[in-house]
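Here the structure comes first, spelled out in structure tokens, and everything after it is commentary.
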Amino acid sequence: MNTPNFSYHWLPFTSNRAFSTNPRLVVGAQGVHYVDADGRRVLDGISGLFCVPAGHGRPEIAAALSEQVRRLDFAPTFEFAHPDGFTLAERLARLLPAGLDRVFFVNSGSEAVETALKGALAYHRARGDAGRARFVGRERAYHGVNFGGLSVGGLAKNREMFGPGLPGVSHMRATWSAEQAFHWGQPSTGGELAEDLQRAVNLYGGTSIAAVIVEPIAGSSGGVIVPPEGYLERLAEIATAHGILLIFDEVITGFGRTGHAFASQAFGVTPDIITMAKALTNGAVPMGAVAFRRGVHDAVIAAGAGDGAEFPHGYTWSAHPLACAAALAALEIYESEGLFDRVAKLGVGFQEAVSGLKGAGPIVDIRGFGLLAGVELEPDGPIGHRGPEVLKALFASGLVARMSGDTIILAPPFVASEGEISETVDIVRAVVGAL
Ligand SMILES: Cc1ncc(COP(=O)(O)O)c(C=O)c1O
Numbered sequence: 003m004n005t006p007n008f009s010y011h012w013l014p015f016t017s018n019r020a021f022s023t024n025p026r027l028v029v030g031a032q033g034v035h036y037v038d039a040d041g042r043r044v045l046d047g048i049s050g051l052f053c054v055p056a057g058h059g060r061p062e063i064a065a066a067l068s069e070q071v072r073r074l075d076f077a078p079t080f081e082f083a084h085p086d087g088f089t090l091a092e093r094l095a096r097l098l099p100a101g102l103d104r105v106f107f108v109n110s111g112s113e114a115v116e117t118a119l120k121g122a123l124a125y126h127r128a129r130g131d132a133g134r135a136r137f138v139g140r141e142r143a144y145h146g147v148n149f150g151g152l153s154v155g156g157l158a159k160n161r162e163m164f165g166p167g168l169p170g171v172s173h174m175r176a177t178w179s180a181e182q183a184f185h186w187g188q189p190s191t192g193g194e195l196a197e198d199l200q201r202a203v204n205l206y207g208g209t210s211i212a213a214v215i216v217e218p219i220a221g222s223s224g225g226v227i228v229p230p231e232g233y234l235e236r237l238a239e240i241a242t243a244h245g246i247l248l249i250f251d252e253v254i255t256g257f258g259r260t261g262h263a264f265a266s267q268a269f270g271v272t273p274d275i276i277t278m279a280k281a282l283t284n285g286a287v288p289m290g291a292v293a294f295r296r297g298v299h300d301a302v303i304a305a306g307a308g309d310g311a312e313f314p315h316g317y318t319w320s321a322h323p324l325a326c327a328a329a330l331a332a333l334e335i336y337e338s339e340g341l342f343d344r345v346a347k348l349g350v351g352f353q354e355a356v357s358g359l360k361g362a363g364p365i366v367d368i369r370g371f372g373l374l375a376g377v378e379l380e381p382d383g384p385i386g387h388r389g390p391e392v393l394k395a396l397f398a399s400g401l402v403a404r405m406s407g408d409t410i411i412l413a414p415p416f417v418a419s420e421g422e423i424s425e426t427v428d429i430v431r432a433v434v435g436a437l
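My numbering applies: residue 3 is where the sequence shown begins, and numbers increase by one.
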């Protein structure tokens with residue numbers, strides 16, 4: 003392979019200066035493996051950044067894309083539509099928690115979050131309650147990189163360069179505490195932190211808050227924080243009592259990662275709005291979506307003047323025909339291969355294997371749920387200092403993972419075999435053991 007000139011392409015969330023001296027280039031992918039620039043097979047331990055649970059290079063998706071680009075490569079978006087968008091929305095409604103069956107399409111998780119926040123404002127305004135303009139987010143949350151998502155998010159590194167963000171945003175505390183260390187699944191402590199929402203109500207007035215947004219499991223950037231028992235239930239209770247919309251950001255947890263289609267179903271708590279992206283198309287085409295409770299959608303539509311857009315929001319690429327084709331093919335694979343049920347089964351061995359890393363090196367916590375795990379390393383300086391070196395060592399040893407600060411995140415594809423999951427964990431053991 004000709005080595006590209008690394009100067010032109012400004013890489014996202016990457017140390018661009020360091021990359022050219024130690025580039026990690028992948029040139030192909032099949033199943034649960036990548037092929038790197040040296041022709042090495044490298045295990046995908048993170049489902050292509052949580053996007054490719056059904057494995058890479060699926061011929062069904064390739065065929066659907068090829069057929070679609072010949073039949074309808076683009077459909078005009080505003081005041082026009084194409085049938086596959088409606089088919090896909092209806093298909094998603096069957097997977098979503100009952101009642102959340104009005105779907106708005108976007109192109110990424112970040113856009114899904116912006117759409118959810120704007121949808122919440124539109125809903126309150128439609129009901130004559132425009133005074134509700136505040137949002138409540140959470141510390142350590144990641145809701146993408148656009149200004150709304152940054153503002154409700156809770157990661158200082160992502161925020162500090164970019165000014166104050168949206169006004170009127172407050173944050174609940176993150177739910178992780180040291181007493182939860184080495185606990186897999188929902189911790190039994192920390193549920194009371196849902197009262198932080200009540201504190202926001204007490205401080206700002208419940209009638210001023212439009213929505214509260216949380217990742218049901220704080221996924222990648224938060225380092226995998228599983229909600230304590232009772233926490234999501236109590237959030238929903240407080241939100242309902244004060245007319246505040248509850249938004250679950252399921253960009254990572256959507257499409258089976260917990261063993262259920264959505265984490266909402268895994269934890270038995272139904273929000274008013276769910277954001278999704280990543281695995282929606284099995285990673286083949288960028289696409290996100292937002293599912294609204296029918297009453298939220300209906301209120302906005304009913305309040306429209308009748309001769310213009312009721313919700314002045316949308317993207318040129320919303321419900322792009324290729325994205326719809328990829329999503330329909332991906333959902334078909336998930337269903338026909340029973341992949342969400344497979345997560346529930348594989349999750350048992352995964353938990354055992356990852357939990358077995360305790361003591362293998364400077365590990366201070368192991369936590370997870372379904373096929374999602376965080377292995378937190380002891381910092382060797384400022385938090386996050388050792389992350390990039392560990393990432394490089396894992397790649398050199400044949401594994402693509404993700405680092406969130408000093409936490410190794412693992413999220414194997416749902417089609418991985420038990421052997422491939424063991425292999426993934428063995429690579430982590432060897433790298434961590436050498437620290
Ligand atoms: C919970 C959550 N929300 C939003 C996003 C942003 O998604 P995207 O990178 O597609 O904009 C992510 C990405 O990892 C995420 O994990």
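Built from N, CA and C at the ideal position, the CB exists for glycine as well.
Check: For P314, the nearest candidate out of A202, T5, K120, R134 (CA to CA); Outcome: K120
Check: Simplified DSSP state of Y10, which is helix, strand or coil; Outcome: coil
Check: Burial state of K360, where buried means 16 or more other Cβ atoms lie within 10 Å; Outcome: exposed
Check: DSSP bridge partner residues for V147 (one or two, in chain order); Outcome: Bridge partners of V147: none, in fact.
Check: Coarse secondary structure for A436, derived from DSSP in three states; Outcome: coil
Check: Classification of I385 by the beta-carbon crowding that lies within 10 angstroms, buried from 16 upward; Outcome: exposed
Check: Cβ distance (whole Å) where G285 is taken to contact C53 below 8 Å; Outcome: 3 Å
Check: Cβ neighbour criterion (16 or more within 10 Å) applied to P85; Outcome: exposed
Check: Complete runs of the alpha helix (DSSP H) confined to the segment 85–132 [at least 4 residues]; Outcome: 85–97, 111–128
Check: Exposure of Q188, with buried meaning 16 or more beta-carbon neighbours within 10 Å; Outcome: buried
Check: Candidates P25, D343, G376, L247, of which the one nearest T5 by Cα; Outcome: P25
Check: Sequence-ordered residues whose beta carbon comes within less than 6 Å of a heavy atom of ligand 2; Outcome: Absent from the structure shown: ligand 2. Ligands present: ligand 1.
Check: According to DSSP, residues forming a beta bridge with G290; Outcome: V108
Check: Complete beta strand (DSSP E) runs within the segment 332–415 (minimum length 3 residues, chain order); Outcome: 365–371, 374–379, 404–406, 409–412
Check: Cα-Cα separation, R43 to A31; Outcome: 9 Å
Check: Beta-carbon gap between G192 and W178 smaller than 9 Å; Outcome: yes
Check: Which residues DSSP lists as bridging A220, in chain order; Outcome: I227
Check: Per-residue burial, M289 [other beta carbons within 10 Å of its own, 16 or more giving buried]; Outcome: buried
Check: Inter-stretch contact at 8 Å, needing at least 3 Cβ pairs: the segment 350–364 / the segment 195–212; Outcome: no
Check: Exposure label - H11; buried when at least 16 CB within 10 Å; Outcome: exposed
Check: Counted within 10 angstroms of its Cβ, other Cβ atoms place H387 as buried (16 or more) or exposed; Outcome: exposed
Check: Through-space distance from V29 to S190, alpha-carbon basis; Outcome: 44 Å
Check: Cβ contact check for the segment 143–163 and the segment 324–339: 3 or more pairs under 8 Å; Outcome: no
Check: Host alpha helix (DSSP H) of V298 (start-end); Outcome: 296–305
Check: Ranges of the beta strand (DSSP E) found wholly within the segment 147–177, counting only runs of at least 3; Outcome: 171–174
Check: At least 3 beta-carbon pairs within less than 8 Å: the segment 390–407 vs the segment 320–330; Outcome: no
Check: For G111, the nearest candidate out of M405, A413, L51, I423 (CA to CA); Outcome: L51
Check: Burial state of S223 (16 or more Cβ within 10 Å); Outcome: buried
Check: Buried/exposed call for E252, threshold 16 Cβ in 10 Å; Outcome: buried
Check: Cut-off 6 Å between Cβ atoms - residues of its own chain near L94, not counting five sequence neighbours on either side; Outcome: V105
Check: Coil, strand or helix - I48 by DSSP; Outcome: coil
Check: Whether G370 touches V271 by CB criterion (9 Å); Outcome: no
Check: Spatial distance of F269 from T23 (CA atoms); Outcome: 44 Å
Check: Nearest candidate by alpha-carbon position, reference L348, set K159, F294, S424, A183; Outcome: S424
Check: Under the three-state DSSP convention, the category G33 falls into; Outcome: strand
Check: Option in V171, E235, H173 with minimal Cα separation from E194; Outcome: E235
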